[in-house]
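There are 2 protein chains.
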Amino acid sequence: MQPSRPATIADVAAAAGVGVGTVSRVINGAANVRESTRATVQQAIDRLGYRPSHLAAALSRGTPRTVAIVVPHLTSPSVVPRLAGALAVLGEHGYDTVVCNVDTPAQRDHHLAALAGRHRAAGVIVVSLRLTAAQAELFRRSGLPLVTIDVVMPGVPHTVTDDVAGGRMAAGHLLSLGHRRIGFVASQRRLTGYRQAVAAAGASQDPDLVRRGPYGPSSAEALAAELLALPDPPTAIFAASDTQAIGVLAAADRSGVSVPGDLSVMGFDDIESAALLGLSTIRQRLWDSGAEGARRLCALLRGDRVVPLRQQLALEVVPRSSTAPARGAAPGAQLAATRPAIVN
Amino acid sequence: MQPSRPATIADVAAAAGVGVGTVSRVINGAANVRESTRATVQQAIDRLGYRPSHLAAALSRGTPRTVAIVVPHLTSPSVVPRLAGALAVLGEHGYDTVVCNVDTPAQRDHHLAALAGRHRAAGVIVVSLRLTAAQAELFRRSGLPLVTIDVVMPGVPHTVTDDVAGGRMAAGHLLSLGHRRIGFVASQRRLTGYRQAVAAAGASQDPDLVRRGPYGPSSAEALAAELLALPDPPTAIFAASDTQAIGVLAAADRSGVSVPGDLSVMGFDDIESAALLGLSTIRQRLWDSGAEGARRLCALLRGDRVVPLRQQLALEVVPRSSTAPARGAAPGAQLAATRPAIVN
DNA sequence: GTGAAAGCGCTAACAC
DNA sequence: GTGTTAGCGCTTTCAC
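Protein sequences, first through last, are from chains A and B.
Under the numbering used here, the letters of the first sequence match residues 1000 to 1343, in that order.
Under the numbering used here, the letters of the second sequence match residues 1000 to 1343, in that order.
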């Protein structure tokens, strides 16, 4: 027999013959309640089919148990593991997570403005998205706890990787295979690391080997095609993301250049299809970055200070079968794994 | 100059010299407010930096503007597009979306129980997850609007595909290429369609050709290996999902069977890597299924009746380069596209 | 068109 | 330990 009107805490209190305060304590598992009282109240709760109102509790408490996470391009393969990592941690801590997917600048501004509103979320995680100065200021003034992942924001805790080191690692792997003309496709910070490694190894620093362009596999494919059409083409190409590396693979395929025979290709991120494609890459612990960002937000929410602001996650070279020793490389050159070549 | 205490609607009312009711009307864009009054109020709002409380509004209104979506295995490639589709539609309708990722039965029960709580969400979308009778009953009694995607629930609006037809389409494609011994890996409903098509074509119905096992590429790989080891192995294999088809491709590779030369492989779903791998498949409009489910939930939330309960989305054959005419097939056999072979 | 007042259902501070 | 009470900040009748 369900009551027509949903039971409230007052109904439970009345039914149990206690005050609402006591019921509240029982619901929230407060310590100072006599066991017998607790039992009585619990019975009333069960009998009435009472379910606490999330909304009323949050309003009364002054803050929702909800966190918002803003992610760019949910369909892009590198953000999903991050989101999953964050959801897992947030869930463990009892937070609901509202996900804001951003595909356009307008959407970004819309979501950010909405989240800065009162009682929208207890805290916010921003992934891979740069805020405008005004937006940053809005958050600062609203006092809304904020952390970022994969993007640096002054004064805000952020979880990132050392892209410069990553660039060095990628170039280093190729150099160790004996490559001396290494092409590069996109992204400033990783380029810096690439340059450092290439310079240190005394390999070719031909500016023609460096191509920058918008993110995305198709543009990377075009840039790679340019590199391959060079009079003295590179023997290896480092792309700043796996997505772009896939474009490079496509360009190689289209140009009749065999990988890794004629060309070694190196990606960055280690997204899921990288393994499928046998793509050598620099692994970034994407799931962990989401989890860590969430963990830091929870700390903030608990009132803890989060220091240092910058948390840097480790990177790792994952050699697969898209990289191989350069033809005629010194015999000491490191051997790459054989290519699994699921597709053929 | 920020007030130390966040401005409330009462502050705005006082500042504008009007009643709170009027301020509320302005905030919510109600029609019956004189233009001059609206302007005055708006000024006060801006001056005080007032931001309405989401929580208080929802509590007062009696329902949150939040929808929950429960998805299994966020990291699995077929759910992400669905989630993205749902988020897009819900966002357009002004709903916040809390995402509940479910990796274990315990998590599923936990989330479902929590969502059934009062004022947790205005409505719920469940993706690819079967509820227990008790859970279904809980939702029914709580009156919480519910829709499902990719799973049938009696009495609940659901957006699904015709798996039987899909199975027929897949088998049909392979049959049209001249294959007569077609293996099958996993999933009951799609199997039915496969059987229908195979029977109608008078092709081999050897029960040895049908293998069922748990979802996942590794188990599919094992099952496919069994099929390939048969004395009279199939010339084509239909896997009930792209993920499993990828396992089949791996098995073929490992057994030295060339695709599509010796073996045609057909998947189901058209996940993102299907295109990368040149996998022929049955395309399911995943994004649309999410969007449609969300649309139906919004209708429910608006108070509209949603009929018919079952919404069936169309499927489509996508021939790529993992399928080719059977050796010695009749000359009339349909030609498959050439394999792009990004990886090689 | 606009103001006043009664909730929405809970938490937390305070008294007993 | 437990009851009482005052908010939390808004929406929504209902008068005027």
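By construction, the Cβ of each residue, glycine as well, lies at the ideal position given by its N, Cα and C atoms.
All figures in this text were calculated on a predicted structure; none of them were measured in a lab.
Identify the contact partners of Ser1052/A in chain B, using a Cβ-Cβ distance below 7 Å as the criterion. Taking the first residue of the first sequence as position 1, residue 1052/A is located at position 53. Ordered by position in chain B, the residues that pass the 7 Å Cβ test against Ser1052/A are Arg1117, His1118.
First and last residue of the uninterrupted beta strand (DSSP E) at Pro1071/A: Taking the first sequence and counting its residues from 1, one reaches residue 1071/A at position 72. Run containing Pro1071/A: 1065-1071, per the beta strand (DSSP E) assignment.
Cα separation between Val1317/A and Ser1052/A? The residue given as residue 1317/A occupies position 318 in the first sequence. The residue given as residue 1052/A occupies position 53 in the first sequence. So the alpha carbons of these two residues sit roughly 49 Å apart.
Hey, does Val1268/B have any beta-carbon neighbour from chain A nearer than 8 Å? The sequence position of residue 1268/B within the second sequence is 269, counting from 1. What sits at residue 1268/B in the sequence shown is Asp, not Val. Judged by the 8 Å Cβ criterion, Asp1268/B is not in contact with chain A.
Specify the secondary structure class of Asp1095/A as computed by DSSP and reduced to three states. As a first step, residue 1095/A is located in the first sequence; it is residue number 96 there, counting from the start. When DSSP states are grouped into helix, strand and coil, Asp1095/A belongs to the strand group.
Can you tell me the Cα-Cα spacing of Phe1138/A and Leu1300/A, whole angstroms? Against the first sequence, residue 1138/A aligns to sequence position 139. Against the first sequence, residue 1300/A aligns to sequence position 301. One C-alpha to the other measures close to 15 Å.
When burial is assigned at 16 or more other CB atoms within 10 Å of the CB, is Glu1034/B buried or exposed? The residue given as residue 1034/B occupies position 35 in the second sequence. Exposed, by the Cβ-count rule.
Mark Leu1089/B as exposed unless 16 or more other C-beta atoms lie within 10 angstroms of its C-beta, in which case mark it buried. Reading the second sequence from its first residue, position 90 is the one you call residue 1089/B. The residue is buried, with at least 16 neighbouring Cβ atoms inside 10 Å.
Contact criterion: CB-CB distance below 8 Å. Does Asp1162/B meet it with respect to chain A? Residue mapping note: residue 1162/B aligns to position 163 of the second sequence, counting from 1. For Asp1162/B, the answer is no, since every Cβ of chain A falls outside 8 Å of its Cβ.
Which residues of chain A have a Cβ atom closer than 7 Å to the Cβ of Ser1272/B, listed in chain order? Counted from its first residue, the second sequence places residue 1272/B at position 273. Counting only Cβ-Cβ distances below 7 Å, Ser1272/B has contacts in chain A at Ser1272, Leu1275, in chain order.
Neighbour list for Asn1100/B in chain A, Cβ cutoff strictly below 8 Å: Numbered from its first residue, the second sequence carries residue 1100/B at position 101. Those are Ala1083, Leu1086, Ala1087, Gly1090, listed as they occur along chain A.
Tell me which residues share the same chain as Leu1144/B and place their Cβ nearer than 8 Å to its Cβ, disregarding the 5 neighbours each side in the sequence. Reading the second sequence from its first residue, position 145 is the one you call residue 1144/B. At residue 1144/B the sequence reads Pro, which differs from the Leu that was named. Within the same chain, Pro1144/B has close Cβ partners Ala1121, Gly1122, Val1123, Leu1296, Leu1299, Leu1300.
Continuous beta strand (DSSP E) assignments of at least 3 residues falling wholly in the segment 1261-1317 of chain B: Counting whole runs of 3 or more residues, the segment 1261-1317 of chain B contains the beta strand (DSSP E) stretches 1263-1268, 1279-1283, 1309-1312, 1314-1317.
Kindly indicate if chain A contains any beta-carbon less than 8 Å away from that of Ser1217/B. Here residue 1217/B corresponds to residue number 218 of the second sequence, with the count starting at 1. No, no contact with chain A.
Taking only beta-carbon positions, decide if Ala1244/A is within less than 8 Å of chain B. Walking along the first sequence from the start, residue 1244/A turns up at place 245. No, Ala1244/A lies away from the interface with chain B (no Cβ there is under 8 Å from its Cβ).
Per the DSSP calculation, Val1088/A is bridged to which residue(s)? If you number the first sequence from 1, residue 1088/A lands on position 89. Looking at the DSSP assignment, Val1088/A forms no beta bridge with any residue, so it has no partner.
In three-state DSSP terms, what is Thr1158/A? Counting from one through the first sequence, the residue named residue 1158/A turns up at place 159. Residue state, collapsed to three classes: strand.
Which value, in whole angstroms, describes the spacing of the CA atoms of Gln1333/A and Glu1225/B? To locate residue 1333/A, count along the first sequence from 1; it is residue 334. To locate residue 1225/B, count along the second sequence from 1; it is residue 226. Bear in mind that the predicted position of Gln1333/A carries a pLDDT of just 49, short of 50, making it unreliable; the figure below should be weighed with that in mind. Their Cα atoms are separated by approximately 37 Å.
Are the segment 1183-1190 of chain A and the segment 1231-1250 of chain A in contact at 8 Å, needing three or more beta carbon pairs? yes
Given a cut-off of 8 Å on the beta-carbon distance, is the pair Thr1322/A and Val1256/A in contact? For the purposes of this step, residue 1322/A is identified with residue 323 of the first sequence, where counting begins at 1. For the purposes of this step, residue 1256/A is identified with residue 257 of the first sequence, where counting begins at 1. Contact flag unset, no.
For Thr1147/A, which beta-bridge partners are listed by DSSP? The residue labelled residue 1147/A in the question sits at position 148 within the first sequence. Thr1147/A pairs with Val1125/A, His1157/A.
Which two residues bound the contiguous alpha helix (DSSP H) that contains Gly1182/B? Position 183 of the second sequence, counted from the first residue, corresponds to residue 1182/B. No alpha helix (DSSP H) contains Gly1182/B, which is instead part of the beta strand (DSSP E) from 1181-1184.
Could you tell me whether the Cβ of Asp1095/A comes closer than 8 Å to any Cβ of chain B? Translated into the one-based positions of the first sequence, residue 1095/A becomes position 96. It does; some Cβ of chain B falls within 8 Å.
DSSP puts Arg1117/B in a beta bridge; with which residues? Counting from one through the second sequence, the residue named residue 1117/B turns up at place 118. DSSP output for Arg1117/B lists Ser1052/A as bridge partner(s).
Given a cut-off of 8 Å, decide if Val1163/A and His1157/A are closer than it, judged by their beta-carbon atoms. Along the first sequence, one-based indexing puts residue 1157/A at 158. Along the first sequence, one-based indexing puts residue 1163/A at 164. Against a cut-off of 8 Å, the Cβ pair of Val1163/A and His1157/A comes out as no contact.
Given that Pro1005/A touches chain B, what residues does it touch there, using C-beta distances under 8 Å? Here residue 1005/A refers to the residue found at position 6 when the first sequence is read from its first residue. Those within 8 Å of Pro1005/A in chain B are Arg1117.
When Gln1204/B, Gln1243/B, Val1079/B, Ala1200/B are compared against Val1070/A, the one with the closest alpha-carbon: As a working mapping, residue 1070/A is identified with position 71 in the first sequence. Of the listed residues, the one whose Cα sits closest to Val1070/A is Val1079/B.
Below 8 Å, how does it come out for the segment 1031-1048 of chain A and the segment 1028-1043 of chain B: are there three or more Cβ pairs, yes or no? no
One question on the structure: do Leu1082/B and Gly1289/B come within less than 8 Å of each other, judged by their Cβ atoms? Locating residue 1082/B in the second sequence gives position 83, counting from the first residue. Locating residue 1289/B in the second sequence gives position 290, counting from the first residue. For the 8 Å CB-CB criterion, Leu1082/B and Gly1289/B form a contact.
With 8 Å as the threshold, decide whether the Cβ of Ala1012/B is near any Cβ in chain A. If you number the second sequence from 1, residue 1012/B lands on position 13. Chain A contact via Cβ: absent.
In the structure shown, what three-state DSSP assignment does Val1011/A receive? On the first sequence, position 12 is the one that residue 1011/A refers to. Three-state DSSP puts Val1011/A in a helix.
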